[in-house]
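Enquirer: As given, the protein sequences belong to chains V and E, one line each in that order. Going by our numbering, the first sequence opens with residue 1, and the numbers climb by one from there. Going by our numbering, the second sequence opens with residue 319, and the numbers climb by one from there. C-beta atoms are modelled at their ideal positions from N, C-alpha and C, and glycine is treated no differently. Have a look at this one.
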Amino acid sequence: MGGKITCTLGEVKNRADFIVYWGGNPAECHPRHFTKYTLTQKGKFVPEGRKGRTMVLVDIRETLSAKAADIFLQIRPGMDFEILTILRALVKNQRVNAAAVAETGLTLEQLQDVVDRMKRAKFGVIFFGMGLSMTRGKHMNSAGVLSLAAELNEFTKFVCMPMRGHGNVTGSDMVLRWSTGYPFGVSLSRGYPRFNPGEFSTVDLIVRGDNDAALILGADPGATMPQPGIDHLARIPTIVLDPKVTHTSRLARVHITTAVTGVSAPGTAYRMDEIPLPLRPILASPYPTDEEVVRRIRQAVATKPAWAPATHVTTPFS
Amino acid sequence: MLRITGGRVYDPANGVDGVVKDVCIADGRIVPQVEGGRTIDATGLIVFPGGVDIHTHVAGAALNFARGLTPENMRRGLPFVHTKDLRAGLGGVTPTTFATGYLYAGMGWTTVNEAAVPILSARHTHEELHDTPIVDKSCLVLMANNEIVLDLLEAGEVERATHVVGWLIWAAKAYGVKAVNPGGVAAWKWGKDAKVLSGPIEGYSSLTPAAIIAGLAKIVDDLKLPHPLHLHCNNLGTPGNVSTTLETLKILEGHRAHLAHLQFHAYGGNDWGTIRSEAAVLAEYFNTHPNLTTDAGAMLFGDTVTITADGPLEHLLHQLSGRKWGNVDVENETGCGIVPHTYKPSKLVNAVQWAVGLELLLLINDPWRVFLTTDHPNGACFWRYPEIIRLLMDAEFRKEQIKALPPETLNRTALADIDRQYTLSEIAIISAAGPARALGLSQKGHLGVGADADVALYEEHPDSGILFEYPRYVIKGGDVVVEEGQLRNVSNGRQFLVHPAFDDQIEAYLRPLFQKVYTMSFDNYPVEIERLQEPDIKPCA
């Protein structure tokens, strides 16, 4: 297992005749997804638009998105990995255990039907949300769905994409990758980048109380972190940069109001398919941009004496 | 002002071959004389023009995908510790941006050409190039599977296609045109490839890879771009592909062209069991066709990751090796595939590949037309260039290495029979003077008056691998960046691009078409010139 077979959203618009949403509710969480990229657009090779596409929704409850789907598969909570594994077996014409199928909330006929449709598709895509990647099984579920899409390429064209949200989370992932080599969970405490999800990822670090200060940008962990993490952020010097007062601002020592990027500040945002879009300000703001605040903090820090003796610092090629 | 005195100077572009003479620098350029200023005593050192990498993958969506896909490789990369002057980073197979600048400069290379940029994500490539310090940069846009261009070529509208290509180059703020597996990546959007040059491409009624190659070569010539069409041929990396390569070269007759990473296109045999080197055949062709240049794309044994816009090739590699596979299809333009790979000296296929890269460098007689590359990171990482230099300069060492390979290698390649050894002057040609000339960068790759003051000073050593590994001094644009082997002074690089002549009315044609098939607003598509670090627009003439 491993790898990722994906595409930019225009490929879906132009070619996809079979679209699966798994563990997400795009109708309410990504409300433009159907109309801009996937279902209703007329594509270069799907000229009939919605009629030329089949949509399957896999979820544990019937959300508003089910109304848009041709097929709704309501699965038992926490069974994503098992279902993905059964689908992968069926793709390869392997026998599957009836008892295992019975656990999933679906019938073998339903599962076989999905597999047949996947193989018949000219261009298939699976979008997966946090209902898959953040529930029982977590990263194993993501590996399962990515492997399913990769393996379908033995039969037809098939791709897979996570439904990312929260503003420019993809942009943060991209910049961290080119500057440190890793997408998240990076520690620079030894002076060079190290990666260990579970040890250095934000939630684990904060819940354990390993950090003794926090600078929070473009996120509101005070609203989403487990309680021990929230308690820790309230205990340490926490600084929030945000255009609005957030839950985190209320427990922080310092809140700095900044201009809204894309409204009053320029920049770049990366779409969920990692395509960069330029952001151009349309209104003036009395507040500084995030970049300006961070730059001024850096300048102020640079005037402080180094905390580590110079002998601890090595340079390359020495 | 700076004077480098007492060193043995190798400046083949100006006919200087190991002569002890002064090199004078003022305002970032080479000048005839300086009065005062600093003097570097280069006695016992050899003085080279800064290296120029004509084909490398150091920035952009594909490379960043590879970084994210292979944390196990990043983990083993050389750590760069944050200091007052240096940014933190990692070396290794896919170095981080800051480390990339440090590693190239730390080896004496001062100009790099990023060889594969989708226009749709060119803004991202420029963000990474912006964060790649010291070296000067240029980049090439992917055009041989751009469906707007392909549709025009199929309709025979070459003139309009020329304006579109010109507009697209400027939109991406690029320096030239790259063609990868012409038609094959477009076919890959339907899970197919384009393996026959004269056959119609999947999804098209009459358009063939041959027509795309001929069309783009003409368009690049008509736009008078300083760098010719930069071509990655069809059927990369497969046994027997030399016939495709030769057919491609015949299509290119009458045009300028640069053939990328020729090592991957020079195989005979019918399958993986019978693969053999056909480097001699290609070298023979090159020796008689001065319209062509190439870079070796040499391969060295070890772990790496393969990254290419050639999506179907990576699917094949994934099927062969069973290792993890990344793929991104980019709407209407191109694709990208990634598979980690290990080249093993015990494997006959890899042994043949290793030999082919060296054979090409040794059998193409004119060093001005074959350049030192590894198609980083595909054949090996760029920071391993000194290993290749040693293999080229030391025939005895090379023959020793062959002995460690499967004996059958001797029947499949002619490397053991080649006695040629590169001279220092020839190394300066394939690593600096030649690629600069092929890129059309007249101020790079030499030490004549008016050239950019990019200079590398190496300590003489009988082992050329060691000689070229760590320069004692590196001067970039007149700044001493490496001093006594230490990276001390980190400057920003410039970026080269072109603004080809095209009819402005072409936007009126492109806009409605674009809005129909893309998911980005047409006005957001072109990269703003303000995003480039020190842009330097080169003339098209």
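(1) Considering only DSSP beta bridges, list what Lys496(E) is partnered with.
(2) Exposed or buried, which one is Ile466(E) when buried takes at least 16 other CB atoms within 10 Å?
(3) Using the three-state DSSP reduction, which class does His312(V) fall into: helix, strand or coil?
(4) Give me the Cα-Cα distance between Arg716(E) and Lys662(E), rounded to the nearest whole angstrom.
(5) Skipping 5 residues on each side, what residues in its chain have a beta carbon closer than 6 Å to that of Tyr21(V)?
(6) For Ala379(E) and chain V, any beta-carbon pair shorter than 8 Å?
(7) Starting from the beta carbon of Ala150(V), find every residue of chain E whose beta carbon is closer than 7 Å, and list them in chain order.
(8) Go ahead and pull the three-state DSSP assignment for Phe832(E).
(9) Rounded to whole angstroms, what is the Cα-Cα separation between Ser318(V) and Val773(E)?
(10) Provide the residue span of the beta strand (DSSP E) that contains Thr612(E), from first to last.
(11) Using a threshold of 8 Å, state whether the C-beta atoms of Ala751(E) and Ala331(E) are closer than that.
(12) Using three-state DSSP, classify Ser439(E) as helix, strand or coil.
(13) Quick one: residues in its chain with C-beta nearer than 8 Å to the C-beta of Gln112(V), no 5 flanking neighbours on either side, listed in chain order?
(14) Counting pairs of Cβ atoms below 8 Å between the stretch 399-419 of chain E and the stretch 815-834 of chain E, do you hit three or more?
(15) What residues from chain E crowd round Leu277(V), counting only those whose CB sits closer than 9 Å?
(16) Whole angstroms are fine: how far does the CA of Leu64(V) sit from the CA of His694(E)?
(17) Could you tell me the alpha carbon to alpha carbon distance between Lys856(E) and Arg812(E), rounded to whole angstroms?
(18) Are the C-beta atoms of Lys304(V) and some chain E residue less than 8 Å apart?
(19) Using CA coordinates, which residue listed in Ser285(V), Ala269(V), Thr268(V), Ala69(V) is at the minimum distance from Val260(V)?
(20) Taking the alpha helix (DSSP H) that Glu714(E) belongs to, which residues open and close that run?
(21) If contacts are defined as beta-carbon pairs under 8 Å, then Asp340(E) and Arg356(E) qualify, I think. What distance do you get, rounded to the angstrom?
(22) Tell me the rounded alpha-carbon separation between Gly105(V) and Met55(V).
(23) Do the CB positions of Ile372(E) and Pro753(E) come within less than 8 Å of each other?
(24) Smallest Cα separation from Asp394(E): which of Leu381(E), Ala489(E), Leu363(E), Val411(E)?
(25) What does Phe814(E) reach in chain V if we use C-beta pairs closer than 7 Å?
(26) Excluding the five sequence neighbours on either side, which residues of its own chain have a C-beta within less than 7 Å of the C-beta of Gly167(V), listed in chain order?
(27) By Cβ distance, which residues of its chain are closer than 6 Å to Gly144(V), with the 5 residues on each side in sequence left out?
(28) From the DSSP secondary-structure annotation, give me the bridge partner or partners of Trp427(E).
(29) Does the Cβ-Cβ distance between Gly181(V) and Thr428(E) come in under 8 Å?
(30) For chain V, is any of its Cβ atoms less than 8 Å away from the one on Met461(E)?
(31) Are Val792(E) and Ala423(E) close, meaning C-beta to C-beta below 8 Å?
(32) Taking Phe158(V) as part of the beta strand (DSSP E), name the residues at either end of that continuous run.
(33) How do the stretch 483-501 of chain E and the stretch 538-556 of chain E stand: do at least 3 beta-carbon pairs fall below 8 Å, yes or no?
(34) Can you list, in chain order, the residues of the stretch 397-409 of chain E whose Cβ is nearer than 9 Å to any Cβ on chain V?
(35) Is there at least one Cβ from chain E nearer than 8 Å to Ile5(V)'s Cβ?
(36) Does the Cβ of Lys721(E) have 16 or more other Cβ atoms within 10 Å, making it buried, or fewer, making it exposed?
Expert: Put simply:
(1) Locating residue 496(E) in the second sequence gives position 178, where the first residue counts as 1. Beta-bridge pairing links Lys496(E) to Leu460(E), His548(E).
(2) The count along the second sequence starts at 1 and reaches residue 466(E) at position 148. In the assembly as shown, Ile466(E) is a buried residue. Its beta-carbon has 16 or more other beta-carbons within 10 Å.
(3) What you label residue 312(V) is simply residue 312 of the first sequence in a count that begins at 1. Note that His312(V) scores 49 on pLDDT, short of 50, meaning its location in the model is unreliable; the coordinates nonetheless yield the value given after this. In this structure, His312(V) counts as helix in the three-state DSSP scheme.
(4) For the purposes of this step, residue 716(E) is taken as residue 398 along the second sequence, with counting starting at 1. For the purposes of this step, residue 662(E) is taken as residue 344 along the second sequence, with counting starting at 1. Rounded to the nearest angstrom, the two C-alpha atoms are 17 Å apart.
(5) Position 21 of the first sequence, counted from the first residue, corresponds to residue 21(V). The answer, listed in chain order, is Leu57, Phe127.
(6) Position 61 of the second sequence, counting from 1, holds the residue named residue 379(E). Interface flag for Ala379(E) against chain V is set, since a Cβ pair is found closer than 8 Å.
(7) Counting from 1 along the first sequence, the entry for residue 150(V) is found at position 150. Residues of chain E passing the Cβ test: Trp643.
(8) The count along the second sequence starts at 1 and reaches residue 832(E) at position 514. Looking at Phe832(E) - three-state DSSP - the assignment turns out to be helix.
(9) The residue you call residue 318(V) lines up with position 318 of the first sequence. The residue you call residue 773(E) lines up with position 455 of the second sequence. Note that Ser318(V) scores 40 on pLDDT, short of 50, meaning its location in the model is unreliable; the coordinates nonetheless yield the value given after this. If you take the alpha carbons of Ser318(V) and Val773(E), they lie about 21 Å apart.
(10) Within the second sequence, residue 612(E) is the residue found at index 294, counting from 1. Its beta strand (DSSP E) spans residues 610-613.
(11) Sequence index remark: in the second sequence, residue 751(E) carries index 433 (1-based). Sequence index remark: in the second sequence, residue 331(E) carries index 13 (1-based). The answer is yes: Cβ separation under 8 Å.
(12) Within the second sequence, residue 439(E) is the residue found at index 121, counting from 1. Three-state DSSP puts Ser439(E) in a helix.
(13) Stepping through the first sequence from its first residue, residue 112(V) is reached at position 112. Counting only Cβ-Cβ distances below 8 Å, and skipping sequence neighbours, we find Leu90.
(14) no
(15) Here residue 277(V) refers to the residue found at position 277 when the first sequence is read from its first residue. Residues of chain E passing the Cβ test: Arg441, Met838, Ser839, Asn842.
(16) On the second sequence, position 376 is the one that residue 694(E) refers to. On the first sequence, position 64 is the one that residue 64(V) refers to. Pairing His694(E) with Leu64(V), the inter-Cα distance amounts to about 48 Å.
(17) Residue 856(E) sits at position 538 when you count from the first residue of the second sequence. Residue 812(E) sits at position 494 when you count from the first residue of the second sequence. Near 12 Å, if we compare the C-alpha coordinates of Arg812(E) and Lys856(E).
(18) Translated into positions along the first sequence, residue 304(V) becomes position 304. Chain E, which has no Cβ nearer than 8 Å to the Cβ of Lys304(V), makes this no.
(19) The count along the first sequence starts at 1 and reaches residue 260(V) at position 260. For the residues Ser285(V), Ala269(V), Thr268(V), Ala69(V), the minimum Cα distance to Val260(V) belongs to Ser285(V).
(20) Walking along the second sequence from the start, residue 714(E) turns up at place 396. Under the DSSP assignment, Glu714(E) falls in the alpha helix (DSSP H) whose first and last residues are 713-721.
(21) By 1-based counting over the second sequence, the position of residue 340(E) is 22. By 1-based counting over the second sequence, the position of residue 356(E) is 38. That pair is no contact at about 13 Å.
(22) For the purposes of this step, residue 105(V) is identified with residue 105 of the first sequence, where counting begins at 1. For the purposes of this step, residue 55(V) is identified with residue 55 of the first sequence, where counting begins at 1. Between Gly105(V) and Met55(V), the C-alpha separation is close to 20 Å.
(23) In the second sequence, the residue the question calls residue 372(E) occupies position 54. In the second sequence, the residue the question calls residue 753(E) occupies position 435. Taking 8 Å as the Cβ cut-off, Ile372(E) and Pro753(E) qualify as a contacting pair.
(24) Indexing the second sequence from 1 puts residue 394(E) at position 76. The question names Asp, but residue 394(E) in the sequence shown is Arg. It is Val411(E).
(25) Your numbering for residue 814(E) matches position 496 in the second sequence. Simply none; closest approach about 21 Å.
(26) Residue mapping note: residue 167(V) aligns to position 167 of the first sequence, counting from 1. Gly218, listed in sequence order.
(27) For the purposes of this step, residue 144(V) is taken as the residue at position 144 of the first sequence. Within the same chain, Gly144(V) has close Cβ partners Phe81, Leu84.
(28) Walking along the second sequence from the start, residue 427(E) turns up at place 109. Partner(s): Gly369(E).
(29) Position 181 of the first sequence, counting from 1, holds the residue named residue 181(V). Position 110 of the second sequence, counting from 1, holds the residue named residue 428(E). 8 Å or more divides the Cβ of Gly181(V) from the Cβ of Thr428(E).
(30) Walking along the second sequence from the start, residue 461(E) turns up at place 143. So no, Met461(E) is outside the interface.
(31) Indexing the second sequence from 1 puts residue 792(E) at position 474. Indexing the second sequence from 1 puts residue 423(E) at position 105. Yes, the pair counts as a contact, with Cβ atoms nearer than the cut-off.
(32) Along the first sequence, one-based indexing puts residue 158(V) at 158. Where Phe158(V) is concerned, the enclosing beta strand (DSSP E) stretches over 157-162.
(33) yes
(34) Pro397, Phe398, Val399, His400, Thr401, Lys402, Asp403, Leu404, Arg405, Ala406, Gly407, Leu408, Gly409
(35) The residue you call residue 5(V) lines up with position 5 of the first sequence. By this cut-off, Ile5(V) is an interface position.
(36) For the purposes of this step, residue 721(E) is taken as the residue at position 403 of the second sequence. By the 10 Å Cβ count, Lys721(E) comes out exposed.
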